[in-house]
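When we follow the working numbering, the leftmost residue of the sequence shown carries the number 128, and every step to the right adds one. Here is the structure we will look at.
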Amino acid sequence: MTDFTQPPKSGTIILAGATGELGFLIAGFVIRRGGILKALVRKGSSSSRIPELRRLGAEIIEVDFNSVAELTQACSGGTCVVSALSGLRDVIVETQTRLLNAAVEAGVPRFIPSDYCIDFTKLPEGSNRNLDLRREFSTRLDNAPIAPTSILNGMFTDLLTGQAPVVLFKIKRVLYWGDANQPMDFTTTRDTAAYTAAAALDPTTPRFLRIAGEVATIRDIQSAATKVTGEEFGTLRAGSLEFLALMIKITRALSPKNDEVFPPWQGMQYLHNMLSGKPKLSPLDNNRYPEIRWTLVREVLATKH
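As C-alpha cells, then:
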C-alpha cells in the first residue's frame with residue numbers, strides 16, 4: 128500500500144486517457160496526492176469511468192482530440208500534461224503531437240508522454256512496431272519548447288497472469304526463449320500509475336525516469352510461481368531468440384489484422400526485446416519517491432492462484 132503521509136504537492140495535471148486502466152489509476156493517485164486533476168475525454172464518450180472520475184474529484188473536459196484549439200483551451204493553467212493514450216500511429220504520434228502543440232501553446236511547462244515501456248532508446252528500429260511509434264513521437268517531443276519526462280517501467284507485471292503467455296499455470300511451466308538467466312524489468316500497472324502521479328506533481332523530473340517493481344529472470348519467475356502455488360513449476364525453453372524472431376515474422380505475415388494495437392505478434396516482439404537484454408533499464412529511479420511500495424512478481428502471481 129502506498130503511503131501518502133507526506134504533505135500534498137500542488138499542481139494542475141491535464142490527463143489524456145483517463146478512462147483507460149492506467150489513466151484511471153493515475154487520476155486517482157494525482158488526486159490522493161493533493162493535485163488538481165483535469166481529465167480530457169472525447170466528446171460524447173459514454174465510458175462508465177467518467178462518473179467515477181467525477182466522484183474522485185476530477186474535472187471532466189470533453190474535447191475534440193483533432194482540434195488543437197480545443198486542446199489548447201483545455202490545457203490552460205496546467206502545470207503538466209500527462210498522456211495515457213493507447214493506440215497506433217494515429218494516436219501515439221498524431222494525437223499526441225496535437226496534444227503537445229496544445230500544451231506548448233497553452234504555456235504548460237511539462238509533458239509526460241504515453242511511453243510506459245522498456246527502454247526503446249536502446250532498441251534498433253524495426254524490432255518493435257509500437258515502440259518505434261514512441262521513438263518517433265519522442266523526437267518531436269525533444270524538439271518542442273517544453274520539459275519532457277518519459278517513464279519507463281519494463282513490462283506490466285499484471286500481464287504475467289493474462290496476456291503474456293509466460294507463466295503457464297495449467298502445465299506448471301514458465302515459457303521462454305533464449306537465456307533463462309536474463310534479468311528483466313517488471314512493474315505493476317498500479318505502481319506505474321502511482322509513480323507517474325508523483326512525477327507529474329514533481330517539477331524537477333529529468334528526461335527519463337526508469338522503474339522496476341522487481342528485476343527478475345525466468346528462473347526467478349519459476350521460483351515465485353512454485354512458492355505461491357505450492358506446486359513445483361519448471362521451465363519450458365521454446366528455442367533461441369533467433370527462432371522467436373522467425374516465429375514473429377511468420378505470425379505477422381499471416382495475421383489478418385495488423386491494425387490492432389496488441390496483436391499476438393506484437394506481444395512476441397515485446398518478449399523478444401526483453402529476453403534479449405537490450406532494453407534493460409539502468410539506472411533505476413525507484414527511490415525517487417520513497418513512499419511508493421513496490422509490488423513483487425510473486426504477489427501478482429498469487430492473485431492468479
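Note that beta-carbon positions come from the ideal geometry of N, C-alpha and C, so glycine has one too.
Please decide whether Thr206 counts as near chain D, where near means a Cβ-Cβ distance under 7 Å. The chain inventory of the structure shown lacks chain D, comprising one protein chain alone.
Best match in Asp191, Ala145, Gly214 for proximity to Gly184 [C-alpha to C-alpha]: If you compare the alpha carbons of Asp191, Ala145, Gly214 with that of Gly184, the shortest gap goes to Ala145.
Our contact map puts Thr288 next to Gly340 with C-beta atoms below 8 Å; I'd like the distance itself, whole angstroms only. Not a contact, Cβ separation roughly 14 Å.
By the three-class DSSP mapping on this structure, what secondary structure does Pro236 have? Three-state DSSP puts Pro236 in coil, outside helix and strand.
Run the CB neighbour count on Pro272, radius 10 Å, all protein chains shown included, and call it buried at 16 or more, exposed below. Taking all protein chains shown into account, Pro272 has fewer than 16 neighbouring C-beta atoms within 10 Å of its C-beta and is therefore exposed.
Coarse secondary structure for Val190, derived from DSSP in three states: The DSSP-derived three-state label of Val190 is strand.
In three-state DSSP terms, what is Ser265? Helix.
Evaluate Arg434 with the Cβ neighbour count: other Cβ atoms within 10 Å of its Cβ, from every protein chain shown; 16 or more gives buried, anything less gives exposed. Residue 434 is absent from the structure shown; the chain starts at 128 and stops at 432.
Give me the DSSP bridge partner(s) of Met282. DSSP output for Met282 lists Phe313 as bridge partner(s).
Length of the line joining the Cα atoms of Asp312 and Lys249: Approximately 14 Å, taken between the alpha carbons.
Closest by C-alpha distance to Thr422, when choosing among Leu295, Gly138, Thr316, Val231: It is Thr316.
Starting from Glu341, trace the alpha helix (DSSP H) in both directions and tell me its first and last residue. Here Glu341 belongs to no alpha helix (DSSP H); instead the beta strand (DSSP E) covers 341-343.
Going by C-alpha to C-alpha distance, which of Ala154, Gly204, Gly404, Leu149 sits closest to Asn308? Put simply, of Ala154, Gly204, Gly404, Leu149 the residue whose alpha carbon is nearest the alpha carbon of Asn308 is Gly404.
Quick check on the DSSP output: the beta strand (DSSP E) that includes Gly361 runs from which residue to which? Start and end: 361-364.
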